[in-house]
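Engineer: Numbering (mature numbering (1 follows the signal peptide of the UniProt record, and there is no 0)), first residue to last: -37 to -1, 1 to 849. Dropping the structure in here first, questions after.
Set out below in C-alpha cells:
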C-alpha cells in the first residue's frame, strides 16, 4: 500500500524475531477454542473466522504484520495475523481491514481474540518490548477511504492483554487467549475501516469479529415486532410499534422498547383475535365448524350451545336447530330451546280494578326458571299491551277498567332463553255495581280468619309453657348432660368434631337440614353455565344474603325428572360437605330444597380443577409455589383425617384452586361419581375404584383408610410436580395394578426436588402402617417451605428411571422406525435435524439423552424439554410393561 502524499503511512523494516517459531504451534489451538456462535441478538458485519477466501487486509510495512495460514478441525482456513518485532526500536506496524458496511447500525462492537507474549520472558528482558497495541477506525461512504493519512484515523483504544504467555507456556503448549470487546458510535456514514497498530509487541491476532446488536423479530401479545437495530446510546430505549398478526384487531396500540443490549422490554398494549378466531401459538386460528367466537374479548372458540349449530369456519354465532329458538336480544352463548309454556293459570281475587293470577311451574322448564313474563291487554286491543315480570308464580294486574275483559299470556325464561307464551286466558274485572257488595262479602271471612288465628296462637303458647314445666330447666340440668349432643343416635363429645355418615339417617332430609343451611332461591342469581354434573348443570352466579355482601358462588342443580334416589344422592354430598369448616376444604354456602330445581351452592373457585389449571400453566410456577399448593391439600386432608372421614377419591381433578392459588379438597361423592368416571375400573371384588390413585390394599380388599388417602396424596404430589401429567401415562389399569404389585413406582417428575420425591415414595409404601400420617406430611412440607435451600437438591436425572423393574433392549426400537418419526409423533419434529447433526440418528442413541444434552442441543424451552423427556420415560415404562405377564 502506498501512502497519499508525504507524512502518510510510515513504518520501519526489520527481521522477524526468533520467538515466532514458538508461537506458531499455538495458533491453531487458539482459533479452535474461539469458534463460538454469536447470540441471536448480535448480527455479524465481519467475522474473520468464517471468511473462506482472502480477507483483503493490508499490512504496512509489508514485513510488519504477517498473515499465517492455519486450518481448523474441519480443515477450513483460519486467518491469523502476527507481529513480533521486539528486537528493534521505534516500531510502527499497521494492519488495515477492508471496508466494512455498517448496515444502518449507528453503534458497532469489535471483539478481538489474541495472544501476547510477556516481555519479561524474552531473552535479555528487552527494554524496547511492548505489551499493548492500538486500534483505530475511519468512517467512509465507499471503499476508497483506506489510502489516507494515519492521523486521520480515530483511535478507539489501547488494547492490553489480561493473560500473556511465557517461554514455559510455549513448552507446555498452554494457550492463554485474550478476548477484548470495544464499541464505537454514533456512526454517521455507510461504513468504516479498522486499523491495528503495533508499536513493538509480540502478538498474534487470532480473530476479529465486528457486529451490531438488534432486538430480533418477535411476536408478543399477538403483535409482530420487526428486527430492530439498537440505538447509538448505551442507555437508549427505542419505542417500536407492533403490527397485529393476521385475523387480529387492536385492543390498545401494541408497543415494546428495544434496549441497547438487544432485549425487548416494557410491552404496552396488545392485539386480540377477532370474532371467529382464537389465539393458538401466537397466531389467530379459525374456529372450526361447530365452534364459534362472538367477540374479540372472548377467550377462545366455544362449542355451539345446545340445540344450535354452524357448518362454517370463523363463525361468530350458531344457528338454532329446527323447532328451537333464541330471542334476538339473547347472547350467542345462550342455548336454543323449545317453548316451555305455562299450561295452567288460575284466577285469584278479582276487583273492579285488578285481577290476581297464579300458575304452576311448567313440567319441562328446560333449566332453572329465572323469571316469568306476563303479557296482558284489554280484549280486542291486542296492539296495546302491558308486560309484567315476576320471579314468583303469582301476580296482580291493577289499574284495570271495571267490568272489562282482559287477555293474559305467560311465558318462562331460563338460562336457555324464553319459552313460548301460554295459550290465552281471559278474565273479567268486577263491574262497579258489584264491587261494593263484593267488598262487604269479605267481612265475615275476615272475622272467621281472625278468630281461628287467636285460637291457634293460644294453643301454641300453652304447648310451649307446658313443655317448660314438664322438662328440666336449663339451670337444673346435670352439667355433663348439658354437654352431650345427640345426632340421629350418634353422641358428639364437646370440643371434638366427628364426621357423621348421612346414610345412617332414616330420613335423608333430616341430615341435609341438620348440616346444610337452607337458602331462599330469590337470593341466588345464576349468570352462566360452566359445566355439566352427573345430576344436572353446574353454573356460576352470585349469592346475596340479607345483611351480607354479595358473593360469587358455584351452583350445582338437580335436573328435572329426577328419582327420589337421585335426589337423596345429590343432597348426600351437601350433607357431607356441610360438616366441614376448613380453609382447604371447599365451603358449602347452603342448599335450595324448597323450590325447584334443587340446588347445592358452594364458594366459587376461579381457576377450576387443579389438573386442568396446571396443564394450562406448564412450567410457570416456582417450586415454593408448588409446595405451597401441596401443603394446602395436605392440611385439608389432615382435617378430614382428624374428623374420621376417608375421601377415597383424592386426585388433582378433585382439587379446586382459586385466584390466590389456594387449593381446596372437593368432590365428596365417590360412591356415585365413579359409576361414570373414565378413570375408574371395576375390581374383582365388585364396585369401581380410581385405580391409578388407589392404594394396593384398597384395590385388592377394598380397605379404605386415611392411609389409603395418603397413597392417593402421593399420586397428587406427582401430578402437581409434573404439571398435570397423567399417572402411569397410557398404561392400562390392569397393567398399572400388575406393575405396582411387583414393586414399580412412578419415577420422579423432571426437576423435582429429592426431598419431595422421597416423600412420594414414603406415601407409596406397600405396608400402610409405614406410610406417613397427614399431620407428619404437613409438618415436613412446612419445614421445606421454611428452608427453601432444602429444595435445591434435585433427583439425579440418571436415577429418574432407576426404579423401573429392569433395563432392557433399546427404548422404543419396536415402536418408532426412526428418530424423525418419534419426534414428529410428539409434535417436536422441529428438532429432527439438530438430533441427526449431533449423532442421535437412532432410537438406541436417543435412549441415553439427558436434560443436559437437550440444553446443549439448543432445546431451551422448558415445555419442550419436559415433552421429550416424558416421552422417553413413557417408552421405558411401556418396555417394562411389555415384558410383564398379564
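All C-beta atoms, glycine included, are put in the ideal place defined by N, C-alpha and C.
1. Taking just the CA atoms, how far does residue 614 sit from residue 736?
2. Beta-carbon within less than 7 Å of residue 608's beta-carbon, same chain only, minus the 5 sequence neighbours each way: which residues are those?
3. Using the beta-carbon count (16 or more within 10 Å), is residue 74 buried or exposed?
4. Which residue's Cα is closest to the Cα of residue 235: 161, 182 and 202?
5. If we call anything under 7 Å between Cβ atoms a contact, is residue 122 one with residue 96?
6. Tell me which residue opens and which closes the beta strand (DSSP E) that residue 853 is part of.
7. Please classify residue 348: is it buried, with 16 or more other beta-carbons within 10 angstroms of its beta-carbon, or exposed?
8. Residue range of the alpha helix (DSSP H) that residue 228 falls in?
9. Distance, Cα to Cα, residue 43 vs residue 14?
10. With contact counted as at least three CB pairs below 8 Å, one residue from each stretch, are the region 47 to 56 and the region 146 to 164 in contact?
11. Apart from the five residues on each side of it in sequence, which residues of its chain come closer than 7 Å, Cβ to Cβ, to residue 103?
12. Determine, using beta carbons only, whether residue 687 and residue 723 come nearer to each other than 7 Å.
13. Okay, do the region 220 to 236 and the region 201 to 211 touch, 3+ Cβ pairs below 8 Å being the bar?
14. Let's test the definition: count the other Cβ atoms within 10 Å of the Cβ of residue 270 and tell me whether it reaches 16, buried, or not, exposed.
15. Here's the rule: buried if 16 or more other CB atoms are within 10 angstroms of the residue's CB, otherwise exposed. What is residue 521?
16. Is the Cβ of residue 85 closer than 7 Å to any Cβ of chain D?
17. Less than 7 Å separating the beta-carbons of residue 553 and residue 564?
18. Leaving out the 5 sequence neighbours to the left and right, which residues in its chain are closer than 8 Å to residue 792 when beta-carbon positions are compared?
19. Who are the near neighbours of residue 533 in its chain, counting only those whose CB is closer than 6 Å to its CB and skipping five residues on each side?
20. Is DSSP giving residue 213 helix, strand or coil here?
21. Please list the terminal residues of the continuous alpha helix (DSSP H) segment that includes residue 534.
22. Roughly how many whole angstroms lie between the Cα atoms of residue 823 and residue 794?
23. Spatial neighbours of residue 541 within its chain, please: C-beta separation below 6 Å, excluding the five flanking residues on both sides.
24. Which residues share a DSSP beta bridge with residue 516?
25. Could you please give me the residues that DSSP links to residue 219 through a beta bridge?
26. Three-state secondary structure (DSSP) at residue 171?
27. For residue 351, which residues from the same chain have a beta carbon less than 6 Å from its beta carbon, with the 5 sequence-adjacent residues on both sides left out?
28. Can residue 753 and residue 747 be called in contact, C-beta distance under 7 Å?
29. Excluding the 5 residues preceding and the 5 following residue 209 in the sequence, name in chain order all residues of the same chain whose CB lies nearer than 8 Å to its CB.
30. Helix, strand or coil: how does DSSP classify residue 927 here?
31. Between the Cα of residue 213 and the Cα atoms of 697, 492 and 260, which residue gives the shortest distance?
32. When DSSP labels each residue in this structure, what does residue 57 get in the three-state scheme?
33. Here's a check: name, in chain order, each residue in its chain whose Cβ is nearer than 6 Å to the Cβ of residue 30, leaving out the five neighbours to either side.
34. For my contact list, residue 530 and residue 741 are in at a C-beta cut-off of 8 Å; report their separation, rounded to the angstrom.
35. Suppose the cutoff is 7 Å on Cβ atoms and the five residues either side in sequence are ignored; what does the same chain contact list for residue 189 look like?
36. Considering just the uninterrupted stretch of the beta strand (DSSP E) at residue 322, what are its terminal residues?
Structural biologist: Judging by the given coordinates:
1. 18 Å
2. 462
3. buried
4. 182
5. yes
6. The chain is shown from -37 up to 849; residue 853 falls before or after that span and cannot be answered.
7. exposed
8. Careful: residue 228 lies outside any alpha helix (DSSP H), inside the beta strand (DSSP E) at 227 to 236.
9. 11 Å
10. yes
11. 62, 152, 154, 155 and 156
12. no
13. yes
14. buried
15. buried
16. Included in the structure is just one protein chain, with no chain D present.
17. yes
18. 783 and 786
19. 498 and 521
20. strand
21. 527 to 540
22. 11 Å
23. 478, 479 and 551
24. 504 and 566
25. 203
26. strand
27. 337 and 358
28. yes
29. 246 and 247
30. For the chain, the structure presents residues -37 to 849; residue 927 sits outside this window and is missing.
31. 260
32. strand
33. 44
34. Contact doesn't hold; Cβ gap of about 37 Å is too wide.
35. 180
36. 318 to 322
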